Structure formats: structure tokens, C-alpha cells
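Residue 59 in full-length UniProt numbering sits at position 59 of the sequence shown; the count goes up by one each step and never skips.
Contents: one structure, followed by commentary.
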Amino acid sequence: MLITDEELALAAARAGAAVVRARYGASLARVEKSAGDFATAADIEARAGARARTARNAGGWSIRCAAR
């Protein structure tokens, strides 16, 4: 199944946003990235959710971008 780059970006953004909405207001652990920069647990989970929407899953399907 081929999808456009736009559809792929929207799917990833929606998956990440769903995680952030679910964690809104909760106490979040911080992960230090570099001096003065950090990510929260919600940031990390959102990124994983976005990647999961664009990567092969255990069922064997994958989402591939259409060629430009």
C-alpha cells in the first residue's frame, strides 16, 4: 500500500499527538539529552508512536511513501 508523504506525516503527527494528549497533566519523568536540553516521557512515547505508524509491525504490513 502506498501513501503520499503528506499522509505519512499526518499519520505520524496524529499518533504522537494522541500520546501527548493522553499524558496531559500527568507528572512526567525527564530524560537529559544534552546540557540544558531534555525530553519528557511523553516526548519519547510520542516519538515511538509516530515511528510505529510508519514502520513494519508484527502483522507484516508496512506503510511506504510514494515516489516523488
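Virtual Cβ for every residue (Gly too), placed ideally from N, Cα, C.
Only a predicted model underlies this, so the values are computations on that prediction, with no experimental measurement involved.
Give me, in chain order, the residues of the same chain whose beta-carbon lies closer than 7 Å to that of VAL20; leave out the 5 immediate sequence neighbours on both sides.
Position 20 of the sequence shown, counted from the first residue, corresponds to residue 20. The residues are ALA42 and ALA46.
Tell me where the alpha helix (DSSP H) around ALA17 begins and ends.
Counting from 1 along the sequence shown, the entry for residue 17 is found at position 17. Its alpha helix (DSSP H) spans residues 5-23.
If contacts are defined as beta-carbon pairs under 8 Å, then ALA18 and GLY49 qualify, I think. What distance do you get, rounded to the angstrom?
Taking the sequence shown and counting its residues from 1, one reaches residue 18 at position 18. Taking the sequence shown and counting its residues from 1, one reaches residue 49 at position 49. That pair is a contact at about 7 Å.
If you follow the beta strand (DSSP E) that SER34 is part of, which residue opens it and which one closes it?
Taking the first residue of the sequence shown as position 1, residue 34 is located at position 34. Run containing SER34: 30-34, per the beta strand (DSSP E) assignment.
Apart from the five residues just before and just after LYS33, which ones in its own chain have a Cβ nearer than 7 Å to its Cβ?
Translated into the one-based positions of the sequence shown, residue 33 becomes position 33. Answer for LYS33: ALA39, listed in chain order.
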